[in-house]
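Read through the structure below, which is laid out as C-alpha cells, and then see the notes.
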Amino acid sequence: MEIKEYFSLVFSDYTLRTITLGTAILGAICGMLGSFAVLRKQSLLGDAISHAALPGIALAFIITGTKDTNLLLIGALVSGLIGTFWIRGMITKTHLKSDTALGLILSLFFGFGMLLLTYIQKQPNANQAGLDKYLFGQAATLIEKDVTLMAIVTGICLVVLLLFWKEFKILLFDADYTKTLGFNTRFIDILITFFIVLAIVLGLQTVGVVLMSAMLLAPAAAARQWTNKLSVMIVLAAIFGAFSGVFGTAISASQNNLSTGPVIVLVAAVFVLFSFIFSPGRGILFKQIRFWQNRRDLKLQKTLQFMFDIAKTHEDISHPHAIKILNNFQGFTRGSLKKMEEKNWVEVKGQKWSLTQDGYSAAKNLYTQE
Amino acid sequence: MTGTQLEIQLIAAIVAIACAIPGVFLVLRKMALISDAISHSILPGIVIGFFLTEDLNSPWLILLAAVTGVITVVLVEAIQKTGLVKEDTAIGLVFPALFSIGVILIAQKANDVHLDTDAVLLGDLTFASFDRISLGDIDLGPKSLWVMGIILSITIGLLVSFFKELKVSTFDAGLSSALGFSPVVLHYGLMSVSSVTVVGAFDAVGAVLVVALMIAPAATAYLLTSDLKKMIGLSILFGVSAAIIGYWMAHLLDASISGSMTTVLGVIFLMVYLFAPDKGLIAVMYRQKQQRTEVSLLTFLLHLNNHTEESERHINHLNEHINWQRVRSQTVLDLAQKNNMITITDSIVELTSKGKEFTDLALEYIITNKDEKIEHMKDDFFLFRG
Numbered sequence: 000m001e002i003k004e005y006f007s008l009v010f011s012d013y014t015l016r017t018i019t020l021g022t023a024i025l026g027a028i029c030g031m032l033g034s035f036a037v038l039r040k041q042s043l044l045g046d047a048i049s050h051a052a053l054p055g056i057a058l059a060f061i062i063t064g065t066k067d068t069n070l071l072l073i074g075a076l077v078s079g080l081i082g083t084f085w086i087r088g089m090i091t092k093t094h095l096k097s098d099t100a101l102g103l104i105l106s107l108f109f110g111f112g113m114l115l116l117t118y119i120q121k122q123p124n125a126n127q128a129g130l131d132k133y134l135f136g137q138a139a140t141l142i143e144k145d146v147t148l149m150a151i152v153t154g155i156c157l158v159v160l161l162l163f164w165k166e167f168k169i170l171l172f173d174a175d176y177t178k179t180l181g182f183n184t185r186f187i188d189i190l191i192t193f194f195i196v197l198a199i200v201l202g203l204q205t206v207g208v209v210l211m212s213a214m215l216l217a218p219a220a221a222a223r224q225w226t227n228k229l230s231v232m233i234v235l236a237a238i239f240g241a242f243s244g245v246f247g248t249a250i251s252a253s254q255n256n257l258s259t260g261p262v263i264v265l266v267a268a269v270f271v272l273f274s275f276i277f278s279p280g281r282g283i284l285f286k287q288i289r290f291w292q293n294r295r296d297l298k299l300q301k302t303l304q305f306m307f308d309i310a311k312t313h314e315d316i317s318h319p320h321a322i323k324i325l326n327n328f329q330g331f332t333r334g335s336l337k338k339m340e341e342k343n344w345v346e347v348k349g350q351k352w353s354l355t356q357d358g359y360s361a362a363k364n365l366y367t368q369e
Numbered sequence: 000m001t002g003t004q005l006e007i008q009l010i011a012a013i014v015a016i017a018c019a020i021p022g023v024f025l026v027l028r029k030m031a032l033i034s035d036a037i038s039h040s041i042l043p044g045i046v047i048g049f050f051l052t053e054d055l056n057s058p059w060l061i062l063l064a065a066v067t068g069v070i071t072v073v074l075v076e077a078i079q080k081t082g083l084v085k086e087d088t089a090i091g092l093v094f095p096a097l098f099s100i101g102v103i104l105i106a107q108k109a110n111d112v113h114l115d116t117d118a119v120l121l122g123d124l125t126f127a128s129f130d131r132i133s134l135g136d137i138d139l140g141p142k143s144l145w146v147m148g149i150i151l152s153i154t155i156g157l158l159v160s161f162f163k164e165l166k167v168s169t170f171d172a173g174l175s176s177a178l179g180f181s182p183v184v185l186h187y188g189l190m191s192v193s194s195v196t197v198v199g200a201f202d203a204v205g206a207v208l209v210v211a212l213m214i215a216p217a218a219t220a221y222l223l224t225s226d227l228k229k230m231i232g233l234s235i236l237f238g239v240s241a242a243i244i245g246y247w248m249a250h251l252l253d254a255s256i257s258g259s260m261t262t263v264l265g266v267i268f269l270m271v272y273l274f275a276p277d278k279g280l281i282a283v284m285y286r287q288k289q290q291r292t293e294v295s296l297l298t299f300l301l302h303l304n305n306h307t308e309e310s311e312r313h314i315n316h317l318n319e320h321i322n323w324q325r326v327r328s329q330t331v332l333d334l335a336q337k338n339n340m341i342t343i344t345d346s347i348v349e350l351t352s353k354g355k356e357f358t359d360l361a362l363e364y365i366i367t368n369k370d371e372k373i374e375h376m377k378d379d380f381f382l383f384r385g
C-alpha cells in the first residue's frame with residue numbers, strides 16, 4: 000500500500016481510521032504531559048515507569064485471568080505508580096541518586112515482569128497469548144473502545160490542566176515559591192505525576208514498554224526548541240506528537256513488516272532533529288550563523304578601531320593612508336574594507352583609504368556606546 | 000546437577016561479575032542510566048554485526064556493537080553540549096531512536112534467524128551451553144563462557160591496573176586532572192568497558208536485564224558500605240548469589256532465567272533497602288524520628304531557659320505553648336528526665352545544672368551555626384546513644 004493510498008483510505012477504512020485516531024490522540028496527550036516531564040527534568044521517569052508497568056500487566060492477568068485491556072491497564076497503572084513512589088522514596092530517604100533509583104526500578108520491575116510473562120506462557124491456559132504485545136506495542140490491536148478510552152482520558156487531562164494551569168506552571172518554575180504561597184505542592188506534584196503515569200500506561204498497548212519514553216520526550220523536546228512559553232510549548236508538543244502518530248502509522252501501514260511503535264518513535268526523532276537544527280531561536284544552524292555574523296562584525300570593528308588609532312594622530316581625520324598598512328593587521332580583508340565603504344565609514348581611492356567623519360564618530364563610540 | 004546446569008550457572012555468575020564491576024563505577028559516577036542507554040542502543044550494532052558475521056558470539060560483532068555503545072555516549076554528550084536539552088532528555092532521545100532502528104532492522108531482515116525481538120529483551124541462557132567451541136576433538140566448553148570469561152579477565156585486569164586512577168577520578172575529577180590522570184580518557188575507558196560488557200552479556204540476559212545486573216548489585220552494596228573495595232566485593236557477591244539462586248528459581252518455575260535472576264536481585268535490594276544498618280529505610284526513618292525528638296528536646300530546654308515564671312514551666316502548659324500533642328510532650332519530658340536535664344517538682348519543670356549547660360551550648364550552636372559545636376555536644380550528652 001502506498002502512502003497516498005493510505006491517506007485516501009484513512010477516512011473510509013474502519014481499522015485504519017481507528018488506529019490513526021488512536022495514535023494521534025496518544026501522541027497529543029503524550030506531548031502535552033511530556034512537556035512537564037521534560038521541564039521538570041524527569042525525562043527518564045517515563046522510561047522507568049513504562050518498564051515498571053510490565054509486572055502490573057502480568058499480575059493483573061494472573062489474578063483475573065482475562066485479557067480485558069482496561070483491567071490490564073489498571074494493573075499497569077498500579078505498578079507504575081508503585082514504581083514512581085518507590086523511586087521518590089529512594090531519592091529522599093537514602094543516599095542513592097536519582098539515576099540509580101530510576102535504573103533500579105526500571106530494570107528490576109521489568110525483570111520481574113519478564114519472569115511473570117515467561118511463567119504465564121508456560122501455563123496450560125489457552126487465553127495467555129498476546130501479552131507480549133505490550134513489549135513493543137501493536138497499534139493494529141487498537142479497537143474503538145481503546146480509542147474512546149484514550150479520548151476520555153485526554154479530555155479529563157485537558158480539563159485538569161486548564162483548571163490547575165497556574166499551579167502547574169508555578170510549581171514547574173519555582174517550587175519553593177509555590178510552597179511559600181501556601182499551595183499544597185505535594186498534591187499538585189502527585190497530580191501531575193499521576194497524569195504522566197496515566198499517559199504512559201495508555202501508550203503501552205500502542206508503542207510498548209520499551210519505546211514509550213521516547214513518545215513522551217521527543218515531541219516535548221522538539222517543541223521546547225521553538226518557544227520559551229509554556230502554553231505554546233504544550234500546544235506545539237501535542238501537535239508534534241499527534242503528527243508523529245499519524246505519519247508513523249501511515250509509514251508502517253504502507254510497508255510490510257514494519258511495526259508501528261518503532262516507526263512512530265523514529266518519526267518523532269526526525270521532528271526533534273529538525274527542531275534542533277532549524278529552530279530560529281535555539282537551533283544549531285541559526286546559532287552558528289549568528290556566531291559567524293558576530294565574528295565578522297567584531298573583525299570589522301577591530302579594523303575600524305585600528306584605522307581610528309591611525310587617524311586620530313593626524314590633524315585631518317580624513318587624511319588618506321595606504322591600504323598596505325592594514326595588511327599585517329588581523330581581521331582585515333578586502334571584503335571588510337568594502338563593507339566599511341558601504342557603511343560610509345571610509346572612502347577608498349585607489350590604493351588609499353581615508354576615514355570619514357561618520358567612521359570617526361562610530362569608532363569613537365565603539366567602546367563607550369554613547 | 001548435570002554438567003549443562005553447572006555450565007549455565009557458571010556463565011550466569013561470570014556475566015554477573017563482569018557486569019557488577021563497571022556497574023559500581025557507573026553508580027558512583029551518577030551515570031547509571033548510561034548503561035540503560037548503551038544496552039538499548041547497541042541493538043543496531045548487533046544486528047548489523049550479525050548480518051556481516053552471521054554469528055552472535057563473534058568477536059567482531061562484539062566490537063562493532065561496543066562501538067555503537069560508545070557512539071551513543073558521544074552522541075548523548077554532543078546533544079547535551081548544544082544546551083538545547085538537559086542530559087536526561089538527551090539520553091532519553093538517543094537510545095529509543097537507535098533501539099527503534101534495531102527493532103525495524105530485525106523485523107525487516109532477520110525475521111527467521113535466531114535474532115528475534117524477544118531474544119533481544121530477554122536473552123537466553125538455556126541454550127548458551129549448546130553452542131560450544133572445540134579444538135579438534137577436544138571440547139573446550141560453551142562459547143559464551145569463553146567470551147564472557149575473556150571480557151571479565153580484561154575488566155579485572157583494567158580494574159587492578161587502573162584502580163587508583165579510577166578511584167580518584169570517580170570521587171574527585173578535579174583532583175584527578177590536577178594529578179595528571181585525564182578524566183576524559185578514564186571516562187571513555189569506562190564507557191568502552193561497559194559497552195563491551197553489555198554486548199557480551201546481551202546474548203545471555205538481554206537488553207534490559209543487563210541494566211539490572213549492572214546497577215542493582217552496586218546500588219545494594221552502596222547501601223551497606225562506603226568503602227570502594229568492599230563495595231566492589233559486595234556487588235560481586237550479590238551478583239553471583241542472584242545468578243545462582245535465580246537459576247534454581249527459574250528451574251522451579253519453568254520461567255526465564257534472566258527474569259528470575261533480576262527478581263532475586265530485586266528481592267535482595269528490597270531487603271537491604273529496608274534493613275540496611277545505617278542507610279536502610281527503617282534505619283533512616285528511625286534516625287529521623289530520633290532527630291525530631293532531639294530537636295524538640297532542644298526547643299523545650301530553651302523554652303525553660305527563657306522563662307522563670309512558674310506558669311510557663313507547668314507541665315500542662317507545654318501542650319498549649321509549644322503546640323505539642325500529649326504523647327510527644329511525654330516523650331520529650333521522659334527523655335529530658337532520663338538524661339538528668341530537668342527535675343519535676345509538683346508538675347513544675349526545672350532545669351538541672353547539666354540541663355543548663357546543655358542549653359547554653361545549644362544556644363551557642365544556634366548563634367554561631369557551626370557544625371563542630373553540635374558534634375561536640377553529641378559526644379558530651381548522649382541522649383539516645385546511651
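Chains as they are written, first to last, in numbering that gives the first Met the number 0: chain Z, 0 to 369; chain S, 0 to 385.
For glycine and all other residues, C-beta sits at the position ideal for the given N, C-alpha and C.
This structure is a prediction, so every number in the text was calculated from the model and none was measured.
Of all residues in the segment 215-247 of chain S, those with a C-beta nearer than 7 Å to a C-beta of chain Z are Ala215, Ala218, Tyr221 and Leu222, reading in chain order. Z:Arg223 places its beta carbon 8 Å or farther from that of Z:Val77. Between the segment 237-250 of chain Z and the segment 174-189 of chain Z there are fewer than three inter-stretch CB-CB distances shorter than 8 Å, so the stretches are not counted as touching. Judged by DSSP secondary structure, Z:Glu341 falls within the alpha helix (DSSP H) whose first and last residues are Arg333 to Glu341. If the five residues before and after Z:Leu216 are omitted, its C-beta is found closer than 8 Å to the C-beta atoms of Gly33, Ala36, Val37, Ser42 and Gly45, all from its own chain and listed in chain order.
Sequence-distant Cβ neighbours of S:Pro43 in its own chain, meaning closer than 7 Å and more than five residues away, are Thr67, Leu97, Ile100, Gly101 and Leu104.
Put simply, the backbone Cα of S:Glu6 is about 33 Å away from that of Z:Ala52.
For the pair of segments examined, the segment 255-267 of chain S was found not to touch the segment 32-47 of chain S: the number of CB pairs separated by less than 8 Å stays below three. Beta-carbon to beta-carbon, Z:Leu171 and Z:Arg39 are separated by about 6 Å, close enough to satisfy the 8 Å threshold. For S:Gln107, the neighbours in chain Z by C-beta distance under 7 Å run, in chain order, Asn256. Bounds of any beta strand (DSSP E) do not take in Z:Arg39, whose DSSP letter is neither H nor E.
Between S:Val331 and S:Phe299, the CB-CB gap stays under 8 Å.
Residues of the segment 98-114 of chain Z that bring their beta carbon within less than 7 Å of a beta carbon in chain S comprise Asp98, Thr99, Leu101, Gly102, Leu103, Leu105, Ser106, Leu107, Phe109, Gly110, Phe111, Met113 and Leu114, in sequence order. Sorting Z:Ile263, Z:Thr248 and Z:Leu235 by C-alpha distance to the C-alpha of Z:Ser274 places Z:Leu235 at the top.
In terms of Cβ geometry, S:Val75 and S:Ala64 do not form a close pair [threshold 8 Å]. Looking only at S:Pro182, S:Ser295, S:Ala12 and S:Leu83, the smallest Cα-Cα distance to S:Pro216 is reached by S:Ala12.
Taking the CA atoms as reference points, S:Gln4 sits about 11 Å from S:Phe129.
For Z:Pro218, the enclosing alpha helix (DSSP H) stretches over residues Thr184 to Arg223. For Z:Val271, the uninterrupted alpha helix (DSSP H) run begins and ends at Thr259 to Phe277, by DSSP. The three-state reading of DSSP puts Z:Trp352 in strand, counting E and B together. The beta-carbon separation of Z:Ala75 and Z:Ile86, rounded to 16 Å, does not stay under the 8 Å limit for a contact.
Taking each of Z:Ser335, Z:Ser258, Z:Phe305 and Z:Ile62 in turn and checking the Cα distance to Z:Arg294, the smallest one comes out for Z:Ser335.
In the three-state scheme derived from DSSP, where H, G and I count as helix and E and B as strand, Z:Pro123 is classed as coil. Taking the beta carbon of Z:Phe275 as reference, the chain S residues within 9 Å of it are Ile78, Thr81, Leu83 and Val84, listed in sequence order. Non-local beta-carbon contacts of S:Leu280 in its own chain, meaning distances under 7 Å to residues more than five positions away in sequence, involve Tyr272 and Leu273 in chain order. Not one beta carbon of chain Z lies nearer than 8 Å to the beta carbon of S:Ser168. Excluding five sequence positions before and after Z:Thr68, the CB atoms of its chain that fall closer than 7 Å to its own CB belong to Asp145 and Gln204, given in chain order. Per DSSP, the unbroken beta strand (DSSP E) holding S:Ser133 starts and ends at Arg131 to Leu134. Bounds of the beta strand (DSSP E) holding S:Leu139 are Ile137 to Pro141.
One thing to note: Z:Thr147 has its Cβ no nearer than 8 Å to the Cβ of Z:Ala27.
By the Cβ neighbour-count rule, S:Gly2 is exposed, with fewer than 16 other Cβ atoms within 10 Å of its own. The beta carbon of S:Ile243 sits closer than 7 Å to those of Gln8 and Ala12, all from its chain and outside the five residues before and after it, given in chain order.
When DSSP states are grouped into helix, strand and coil, Z:His320 belongs to the strand group. Here S:Ala241 is not near Z:Leu107, since their CB atoms are 8 Å or more apart. Nearest to Z:Leu72 by alpha-carbon distance, out of Z:Ser258, Z:Thr17 and Z:Leu58, is Z:Leu58. Judged by DSSP secondary structure, Z:Thr65 falls outside any beta strand (DSSP E); it is assigned neither H nor E.
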